[in-house]
Structures are given as C-alpha cells and as structure tokens.
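Have a look at the structure below before the remarks.
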Amino acid sequence: MNKFVRYILLPGIFLFISLSMVKGTARPVKDVRNLNLISIEKGTLSFSPKVILVKPGTTITWVNQDTQDHFLMFSPAASNAKSNEADPMINEPLPPGARFQHKIARVGIYTYFCGIHNQMWGMVMVDENVASTR
Ligand SMILES: [Cu+2]
C-alpha cells in the first residue's frame, strides 16, 4: 500500500462515510413529555407520536385524521403496569374523524396496536417523575 492510499485516500473515505452517517442521523428529537394528543395522519399508517411520557391521571386523546378505519387495542401482555389492575383494557374502533379519550391513572408502560394494521403501534409511558415542560 503506498503512502497516498494509506494516509490520504483511506482516511478520506473513512471521514466521508462517518460524516454521511452523522448527517443522516442528526435529526432533532421531539420532546414527548406531557403530550396527550396522539393522531393518525392521513396515509401514514402510524400513531404520532409513537411514544409519549405522561404523569398518572393524564387524559390521552387519540384522533383518527385518516380516511380509513383504525382500531385501538391495548395489549396487556406487552404492557408493564406496576399494578395488576392493568389500567386500559381498550378495544376501541376509530373510524375516520373519530376521537377517543382515556385517562390512565396508574404508573406503567402501556403498549397498544391497531387491530386492523398490525404494523401500527404506540406506547404510553406513565410515570410520576415527568418534568413539567408545558
Ligand atoms: Cu389501523
């Protein structure tokens, strides 16, 4: 290997690849503390935000802004409520334009899915120690 390849070309390629990777991943992180509105935007087949972090007693609203039916299904098996009374046992149809509200009283991690599109999922994390950002 000559000096050009060893000291200029290879480090240059390495630097170029590293910088491209940094550029590709440097997205601003959305602050999801104390958000309580989860929407399904048209055509996205996803809940947004996918994960939220709230205090116990927060009323959460899901809104279907899509043009097709969705179905909100909490998954007790994939949730980690500290209490045995896993709070939300929700099976709720969400037709276009519908909104559904539920208050989650207990600390825990609650996972939910769309009963129609199984790639759609979301998570509500409920904890006492959520900084008041809003
Ligand atoms: Cu769906």
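Just so we're aligned: the sequence shown equals residues 387 to 520 in my numbering. Just so you know, even glycine gets a beta-carbon here, dropped at the ideal spot from N, CA and C.
Please determine if the region 429 to 446 and the region 507 to 514 are in contact, where contact requires at least 3 C-beta pairs separated by less than 8 Å.
-> yes
Same chain, Cβ closer than 6 Å to LYS441, neighbours up to 5 away in sequence not counted | VAL516
Under 8 Å from any heavy atom of ligand 1, does the C-beta of GLN454 make it?
-> yes
Starting from PRO414 and walking both ways along the beta strand (DSSP E), at which residues does that stretch end?
-> Element bounds for PRO414: n/a, residue is neither H nor E.
Do you know offhand how far PHE329's Cα is from LEU401's?
-> Here the chain covers residues 387 to 520 and nothing more, so residue 329 does not appear.
Give every residue of the same chain whose Cβ lies closer than 6 Å to the Cβ of PRO481, excluding the five residues on either side of it in the sequence, and list them in chain order.
-> ASP455
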